[in-house]
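So the sequence lines, in the order shown, correspond to chains A and B.
Sequential numbering of the first sequence, starting at 1, is according to our numbering.
Sequential numbering of the second sequence, starting at 1001, is according to our numbering.
Where is the CB? At the ideal position from N, CA and C, for every residue including glycine.
For clarity, every value in this text was computed on a predicted model and none was experimentally measured.
2 protein chains.
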Amino acid sequence: MPETRLDTERVRAARRVIDPVFLDTPIYRCDALEPALGCAVSIKLETANPVRSFKGRGTELIASGLGSGSVVCASAGNLGQALAWSGRTRGLDVTVVASHAAPAAKLDRIRALGARLELVDGDFDSARDRAAEIARCDGIRLVEDSLDVETCEGAGTIGLELVERAPSADVVLVALGGGAMATGIGHVLKDLAPGVQVVCVQPAGAPAMTLSFRERRVVTTESTDTIADGVAGRRPIPEVLDDLLLTADDAVLVQEASIVAGVRLLFEHAGLVAEPSAALGVAALLEDRDRFAGLHVVTVVCGGNVDPDAFGRWVGHPRTPRPT
Amino acid sequence: MPETRLDTERVRAARRVIDPVFLDTPIYRCDALEPALGCAVSIKLETANPVRSFKGRGTELIASGLGSGSVVCASAGNLGQALAWSGRTRGLDVTVVASHAAPAAKLDRIRALGARLELVDGDFDSARDRAAEIARCDGIRLVEDSLDVETCEGAGTIGLELVERAPSADVVLVALGGGAMATGIGHVLKDLAPGVQVVCVQPAGAPAMTLSFRERRVVTTESTDTIADGVAGRRPIPEVLDDLLLTADDAVLVQEASIVAGVRLLFEHAGLVAEPSAALGVAALLEDRDRFAGLHVVTVVCGGNVDPDAFGRWVGHPRTPRPT
């Protein structure tokens, strides 16, 4: 068992706490994708739930542990929705800090779910700073994605489902941002199915955690430049990097064009609306067919919150201007 | 218990035979849709599986009962994919007869799954005639959607999941074509949750079964005219109509514009790729807000096989011509 901050027994226990709407998500061989990708591909689909991403697994754990009160989190858009959803029925007062540049669809849903939304100039890491400041000034709980172990162990329940439902997998491809999903799934697989390779995928335009993984020390970047807004961080968290070094076999970087191609393939051949971060696995398969040829690869389609017009452009259906 | 051809105990037993990839599909409240629809809406999602429709539930039952051998079916496109999928690993030799006018994406997938595909001029009912002729000439098993009780009882497993996972539902909206899904879900609900209304929805451009339901006798039409290719039949089957009269509370017709609006809403607010037949329930909600106001409505999103370009047009993203 890897000596991370995570605990497999707590991950098992989490399944009794998380709303079933987030659990036991579909997993299936998607052979319609295989001619384009050159290997056996299974989809683990995390978008068919009320917040359209896997983040509810972690926020359910957090919210159930808090009771009522106030919390604040920074979010690229998906954690905020999930925390708002989990807090709503539990009387939690939720504040979400996000970048002005986050997709409008994500921001609209955070508001619609009843959270207070504060927008900041700058990027996700600027939002992290502001959320920490709010927590300090107001004396309320700061939920930090990937640092709070519940966010990792919540994502770890995906790992349990993979062990149970995809025993023939050779490789699991996991989008890498802050590291909650990668360390969560990675911990469980290293513990229960150590023969499965855990390969993290990050955009070349937002490579901080991958560079850190390769150098085995925190590497920050000055900026990010990617459509994969859900994973665009600049400042890896040391504790999470330590866990990632114990749970991931590799971390690879992919180009923007491959991410767009991945979004398009998932739409055309699998009928799925994936946000760019959720297409990173397919992008990695497109960029290195030789590496994965002959293997059974599971890719986690981890979120589906897209601005409809942006999605149209990615899949080759730009919306035609309407008469004004 | 309604005195139909179906048996709830056989439906329960079916769950032990059907590949788990088709069972326990997502069901969740989708409140992002609710401002547009004016009632509480839950999605029962049948598209996240290898054939992107609910039809695998029925074909798994059929194929597991047949062993090896040869079968032929007529299909609007989804049954053929599902039968090909279920037959492939069981050594079944599958022939599918479909209309030339069926969506290319569906026909391509039938071929890719290893079935022999025969295309006929005319519509789905022409394909039914040809499939029956092949079965007669070749002495092989004819699989008839909705007439073969396995197709109904397979769909009935959706009903069991609704009883277990959506106990607060007031209404279930079911796309109506041949009637397998409506009678399957309807039988189980009338048996186990008789307080839930079963409302069938059919395009006004393909109204034969709804007219038959209303007149309590088989009414055929000369032609069909709808984008909802999955439910476009002209000749209801008498035995299925008899069952439908015992299991459905109502059958309504919706306009094409509402079906397109339904496809678009499911994309924009739920992030789902639904084929037109799968958007019939949302279309019904759009056309009669008063009827459903204040109720909890479950709509079964039963298939997601679309031609990408047609989908782009429906959601307002027509593909721009490329330089040749």
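Rounded straight-line distance, which links the Cα of residue j to that of residue i
i	j	result
R1088/B	L1113/B	7 Å
K1106/B	A1036/B	30 Å
A1131/B	F1054/B	22 Å
A1208/B	E1164/B	32 Å
Q1081/B	A1182/B	20 Å
P1308/B	M1/A	45 Å
L1253/B	G1271/B	25 Å
I1018/B	P1238/B	27 Å
L285/A	I1062/B	36 Å
H187/A	D1024/B	27 Å
E60/A	N305/A	19 Å
E1046/B	E256/A	31 Å
A104/A	R128/A	19 Å
G1179/B	R52/A	31 Å
A261/A	W314/A	8 Å
E153/A	D249/A	19 Å
L246/A	A1155/B	45 Å
P1194/B	L119/A	49 Å
E1222/B	R1005/B	28 Å
R1235/B	D1125/B	7 Å
T1210/B	D1243/B	13 Å
K1044/B	G69/A	33 Å
S337/A	D145/A	Because residue 337/A is not part of the residues shown, which for chain A are 1 to 324, the question remains open.
A1175/B	E133/A	52 Å
Cross-chain neighbours of residue i in chain B, by beta carbon under 7 Å
i	result
E268/A	P1308
T210/A	Result: empty, since nearest Cβ-Cβ is about 27 Å, beyond 7 Å.
E304/A	Sequence inspection shows Gly at residue 304/A; the Glu mentioned does not correspond to that position. Neighbours of G304/A on chain B, chain order: G1271.
Within-9 Å CB hit, residue i to chain E
i	result
T1025/B	The structure shown contains no chain E; its protein chains are A and B.
9 Å Cβ cutoff met for residue i and residue j
i	j	result
E1150/B	G1065/B	yes
D138/A	V72/A	yes
G56/A	N49/A	yes
V11/A	G122/A	no
V1273/B	F1213/B	no
L241/A	R264/A	no
L266/A	V219/A	no
G177/A	A232/A	yes
C1200/B	L1173/B	yes
Close Cβ partners of residue i (< 7 Å) along its chain, the five nearest in sequence each way excluded
i	result
I259/A	P203, I227, A228, P276, A279, L280, A283
T324/A	For T324/A, the predicted structure reports a pLDDT of 48, less than 50, and the residue's modelled location is therefore unreliable. A value from the coordinates is still provided. Once the five neighbours on either side are set aside, T324/A has no close Cβ partner at all.
G1205/B	T1224, D1225, T1226, E1256
L1147/B	I1237, E1239, V1240
T1157/B	V1011, A1014, R1015, I1018, L1023, R1057
M1102/B	The sequence given here places Ala at residue 1102/B; Met does not occur at that position. If we look at A1102/B and ignore the five residues flanking it on each side, its Cβ neighbours are A1076, G1077, D1229.
Identity of the residues DSSP links to residue i by a beta bridge
i	result
P203/A	V254/A
Q197/A	V171/A
T299/A	I43/A, L173/A
V1143/B	C1073/B
L1117/B	V1096/B
L1272/B	L272/A
R1029/B	S1042/B
Spatial neighbours of residue i in its chain, beta-carbon cut-off 8 Å, leaving aside the 5 residues before and after
i	result
S1168/B	H1296
I110/A	S75, G77, G80, Q81, A84, V96, A98, L117
S1042/B	I1027, Y1028, R1029, C1030, A1166, A1169, H1296, V1297, V1298, T1299
C1039/B	L1285, R1289, F1292, A1293, G1294, L1295, H1296, V1297
H1269/B	C1030, A1032, L1033, A1036
D1007/B	E1153
A1135/B	V1072, R1141, L1142
Residue i: contacting residues in chain B (beta-carbon distance under 9 Å)
i	result
A112/A	D1031, A1032, P1035
Residue i: contacting residues in chain A (beta-carbon distance under 7 Å)
i	result
V1021/B	Y28
N1078/B	Result: empty, since nearest Cβ-Cβ is about 12 Å, beyond 7 Å.
R1052/B	G271
Chain-ordered chain A contacts of residue i [CB-CB under 8 Å]
i	result
T1047/B	G271
Partner residues on chain A for residue i, Cβ-Cβ distance less than 9 Å
i	result
R1109/B	A32
Neighbourhood of residue i by C-beta distance below 6 Å, restricted to the same chain and skipping five residues each side
i	result
V1198/B	V1172, G1186, L1189, A1248, D1249
R141/A	V71
R1090/B	A1063
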